[in-house]
Amino acid sequence: TQEIISGESEEESNGVNLMEFSDEILLHILSYVPCTDLVLNVRRTCRKLATLCLDKSLTHTVLLQKDYKVNKDKVKQLMRDIGKEIYQLNMAGCYWLPSSTIDHVTRCKNLVKLNLSGCHITSLRLSKMLSTLQHLRSLAIDVNPGFDASQLSSECKATLSRVSELKQTLYTPSYGVVPCCTSLEKLLLYFEILDRSREGFMLSGQLMVGESNVPHYQNLRIFYARLAPGYVNQEVVRLYLAVLSDRTPENLHAFLISAPGSFAETGATKNLLDSMARNVRLDALQLPKAWINGSGLLQHLKFNNPFYFSFSRCTLSGGHLIQRVINGGKDLKSLTSLNLSGCVHCLAPESLFRKAEDDIDSRILESLVVSCCNLRHLNLSAAHHHSSESIGNHLCQLLSRLKHLLSLALPVCSITDVAANVEKPPTASNLVPQTFGRKVRIGIQTYPRNLADQANQKIESSVFWALMGSLRFLETLEIIGSSFSSAMPRNEPAIRNSLPPCVRAQSVGDSEVAAISQLTYLQSLTLAQLPNILTGSGLINIGLQCQHLRTLSLANLGMMGKVVYMSALMDMLKHCKCLRDLRLEQPYFCAGAQFFQALSHCSSLQRLCIVSRSGTLQSDAVMSFMANCLEVIMCHMFMGESLTVCKNLQQSIVRSFQADRPALNVVIFPLLHEDLTEVIRDVPMRHLDEITLFKSRVAEEPPNLWW
Numbered sequence: 001t002q003e004i005i006s007g008e009s010e011e012e013s014n015g016v017n018l019m020e021f022s023d024e025i026l027l028h029i030l031s032y033v034p035c036t037d038l039v040l041n042v043r044r045t046c047r048k049l050a051t052l053c054l055d056k057s058l059t060h061t062v063l064l065q066k067d068y069k070v071n072k073d074k075v076k077q078l079m080r081d082i083g084k085e086i087y088q089l090n091m092a093g094c095y096w097l098p099s100s101t102i103d104h105v106t107r108c109k110n111l112v113k114l115n116l117s118g119c120h121i122t123s124l125r126l127s128k129m130l131s132t133l134q135h136l137r138s139l140a141i142d143v144n145p146g147f148d149a150s151q152l153s154s155e156c157k158a159t160l161s162r163v164s165e166l167k168q169t170l171y172t173p174s175y176g177v178v179p180c181c182t183s184l185e186k187l188l189l190y191f192e193i194l195d196r197s198r199e200g201f202m203l204s205g206q207l208m209v210g211e212s213n214v215p216h217y218q219n220l221r222i223f224y225a226r227l228a229p230g231y232v233n234q235e236v237v238r239l240y241l242a243v244l245s246d247r248t249p250e251n252l253h254a255f256l257i258s259a260p261g262s263f264a265e266t267g268a269t270k271n272l273l274d275s276m277a278r279n280v281r282l283d284a285l286q287l288p289k290a291w292i293n294g295s296g297l298l299q300h301l302k303f304n305n306p307f308y309f310s311f312s313r314c315t316l317s318g319g320h321l322i323q324r325v326i327n328g329g330k331d332l333k334s335l336t337s338l339n340l341s342g343c344v345h346c347l348a349p350e351s352l353f354r355k356a357e358d359d360i361d362s363r364i365l366e367s368l369v370v371s372c373c374n375l376r377h378l379n380l381s382a383a384h385h386h387s388s389e390s391i392g393n394h395l396c397q398l399l400s401r402l403k404h405l406l407s408l409a410l411p412v413c414s415i416t417d418v419a420a421n422v423e424k425p426p427t428a429s430n431l432v433p434q435t436f437g438r439k440v441r442i443g444i445q446t447y448p449r450n451l452a453d454q455a456n457q458k459i460e461s462s463v464f465w466a467l468m469g470s471l472r473f474l475e476t477l478e479i480i481g482s483s484f485s486s487a488m489p490r491n492e493p494a495i496r497n498s499l500p501p502c503v504r505a506q507s508v509g510d511s512e513v514a515a516i517s518q519l520t521y522l523q524s525l526t527l528a529q530l531p532n533i534l535t536g537s538g539l540i541n542i543g544l545q546c547q548h549l550r551t552l553s554l555a556n557l558g559m560m561g562k563v564v565y566m567s568a569l570m571d572m573l574k575h576c577k578c579l580r581d582l583r584l585e586q587p588y589f590c591a592g593a594q595f596f597q598a599l600s601h602c603s604s605l606q607r608l609c610i611v612s613r614s615g616t617l618q619s620d621a622v623m624s625f626m627a628n629c630l631e632v633i634m635c636h637m638f639m640g641e642s643l644t645v646c647k648n649l650q651q652s653i654v655r656s657f658q659a660d661r662p663a664l665n666v667v668i669f670p671l672l673h674e675d676l677t678e679v680i681r682d683v684p685m686r687h688l689d690e691i692t693l694f695k696s697r698v699a700e701e702p703p704n705l706w707w
């Protein structure tokens, strides 16, 4: 509010008054202001803004999901002032709000869409709230231990019977409210059930007593299920699928199951897939790898106008991909998102006698690019995609034809110049073993620290530089080593050893990172296991040129025994004014005063996660950083410090800043401590899924799966 008033005064002195703009322009400006600020603050500044801030275009949809400053009192006042004008309310991930906050949603009598994922809500509160929302058609909730469907009133069940879209996150074996939703057209299920209780008891996938009601899928058009690791999640999802196997909905056009590890096919699931092959035409498909590998399923499934395919971690060969999915080069202009992550043979004609490190067949990739010319999201990570020496057939050269790409994930070894690898002898840095421990002192080549000097070295001639130049509208880029694995996997102890990088990746370093700076509109960048980073000079170029960068994730860059890019990283951070999320994973990382002083320049930073085996931190520097960066609401550090040091720092941060930052979430814990998994389970799912755990996120889900 103060900024608007001061800006208005300054404009008046220059002969321009903000209030003289048309209502249309002012409404567009106000659309960027959080709804709570509009209603509770801005509209109190003058009569004109008081009217505009209550315009239907601003109050129709209220988004609180990342308004980390909102509290219970603000929500109460907001609902009191404009509750009747709200038709769509998104409170996803508001974990810091007490469950009683949900009671105020009952004022929104005209709600059509409601997202409460990540919010604390009991069966009784849910029943009371839904009983008053007779127009509701879309709902997202969590089902936590203690949920009891028998506590839902008849009025609540009547509302649920009209809901056509349901997103349900399960933390306990249950059908949740699915049996009550008799008009479902879209069903999204997220299974986050742990195999063991906090007391260490093994959990069962059997549903609780009274959960024998059968889901109603007859109108279902979209079925999506995402499973966290664990056998209980697999047992429960089979119960949901059992009904589908008996009778497949005729209007089903999207069937997606994302399951990590091994998820074996059963007789019931085989019957379901056979029924789908006979009765439906799909537009989106994702299946567990065991359901596709070695089967002729893809040959029998029929597709209409597909917009999303995911064959992540499947042994699908390029020959099968072209013949059975693209039908030998069929026009697939409708396909906008394709996930081939971990599909190691997808660019080879066959997989029977092929090694994962063998060269790809450029003809397969060319067929893919020509047929799917409108791709916006493409994931080729977690595989060795080595180009041959044939001129004009490099993977980067072929991908440069996809002018509509918005997000791209590639393995490090796929972006290297083949000719450079063949002609250039290994450098001293390449001969240094990529392991932990004491290093041999070697001479380090001096790399230029600005874009002009990089140009003088003619790195613009590289295929990766050309690719970055052709994808000027790319918003998300991931370059991840094909053998990289995070030191902090889910539900397991921290990994102590990492696999060495691919031989083809040994030459990828500073110049390739500098090439990324051509992406003017880049918003999210992930770099992992780039072994030839010597100074990190390319990071400075990115900081200078990519002014829209909001998310940055760096992991295992350069030699593993020393953080060789620290100086460049600190220089980079001074230019990242829009950066909101920063994740760093590097052994021996020193989170000291200089680092946090540089990080303090990131005035928009909200979330910080550092994962470092044998890493150190300075408590005073962390406290000073938290005091200077007022927007930071998440601080996760998994380092090599003692448990006492970690606990004391965590408690100090919470005591000092929790009152002013209601959403503050702090976890500081030794990375290799045996209780790490117990600590991780208490992290809010929003932070855990979006930043704390490392994973490739390109084409992870169909675009616009939920609002």
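Going by UniProt numbering, the first residue of the sequence shown is number 1, and it counts up by one from there. We put the beta carbon where it would ideally sit given N, CA and C, even for glycine. Since the model is a prediction, treat every value here as computed from it, not as a measurement.
Here's the rule: buried if 16 or more other CB atoms are within 10 angstroms of the residue's CB, otherwise exposed. What is residue i?
i: Q454; result: Caution applies to Q454, whose pLDDT of 46 falls short of 50 and renders its modelled position unreliable; the value that the coordinates give is listed next. It counts as buried.
i: H385; result: buried
i: R441; result: Per-residue confidence for R441 stands at a pLDDT of 44, beneath the threshold of 50, marking its modelled position as unreliable; no derived number is given.
i: residue 724; result: Within the shown structure, residues of the chain are numbered from 1 to 707, placing residue 724 beyond reach of any answer.
i: S197; result: exposed
i: F223; result: buried
i: S537; result: buried
i: A659; result: exposed
i: A627; result: exposed
i: N305; result: exposed
i: E701; result: buried
i: Q506; result: buried
i: V16; result: exposed
i: residue 734; result: Only positions 1 to 707 of the chain appear in this structure, which leaves residue 734 out of reach.
i: E199; result: exposed
i: D682; result: exposed
Smallest Cα separation from residue i: which of the options?
i: D37; options: V70, H28 and S57; result: V70
i: A409; options: R376, S387 and R221; result: R376
i: residue 729; options: S486, V698 and M560; result: In the structure as shown, the chain starts at 1 and stops at 707, and residue 729 therefore has no counterpart that could be examined.
i: E585; options: M560, T266, H601 and D359; result: M560
i: L203; options: L188, E185, S604 and G230; result: G230
i: H548; options: E475, L399 and R607; result: E475
i: S461; options: G176, K109, I415 and R504; result: I415
i: R607; options: I121, M634, Y588 and Q618; result: M634
i: T172; options: C181, Q206, E185 and L139; result: Q206
i: K113; options: W96, L139, D283 and N379; result: L139
i: V503; options: M488, P531, I495 and S524; result: P531
i: A382; options: S696, L272 and M468; result: S696
i: T315; options: L340, H120 and D195; result: L340
i: residue 780; options: E250, A598, E357 and A568; result: This structure cannot speak to residue 780, because the chain is shown only from 1 to 707.
i: A699; options: S337, I121 and H687; result: S337
Would you list the residues sitting across from residue i in a DSSP beta bridge?
i: E478; result: A409 and T526
i: T616; result: C590
i: T169; result: D142 and Y190
i: L608; result: L582 and C635
i: N41; result: Bridge partners of N41: none, in fact.
i: S154; result: BP columns for S154 are empty, so no partner.
i: I668; result: M637
Please determine whether the Cβ atom of residue i lies at a distance below 7 Å from any heavy atom of the ligand ZN.
i: M626; result: Although the ligand ZN was asked about, the structure shown includes no ligands whatsoever.
Cβ of residue i within 8 Å of Cβ of residue j?
i: V214; j: V232; result: no
i: A533; j: M572; result: The sequence shown places Ile at residue 533, not Ala. Not in contact: I533 and M572 (Cβ atoms no closer than 8 Å).
i: N90; j: L58; result: no
i: R550; j: C578; result: yes
i: S387; j: V412; result: no
i: L693; j: R490; result: yes
i: S604; j: R580; result: yes
i: F307; j: I292; result: no
i: R107; j: R80; result: yes
i: L166; j: L184; result: yes
i: L499; j: S517; result: no
Under 8 Å: do the stretch 632–647 and the stretch 669–687 share three or more Cβ pairs, one atom per stretch?
yes
Would you call the stretch 155–162 and the stretch 129–142 touching, i.e. three or more CB-CB distances under 8 Å?
yes
The stretch 256–265 contacting the stretch 279–298, beta-carbon criterion three pairs below 8 Å
yes
The stretch 73–80 / the stretch 45–52 touching (three or more Cβ pairs under 8 Å):
no
Sufficient close CB pairs (3 or more, under 8 Å) joining the stretch 343–352 to the stretch 313–332:
yes
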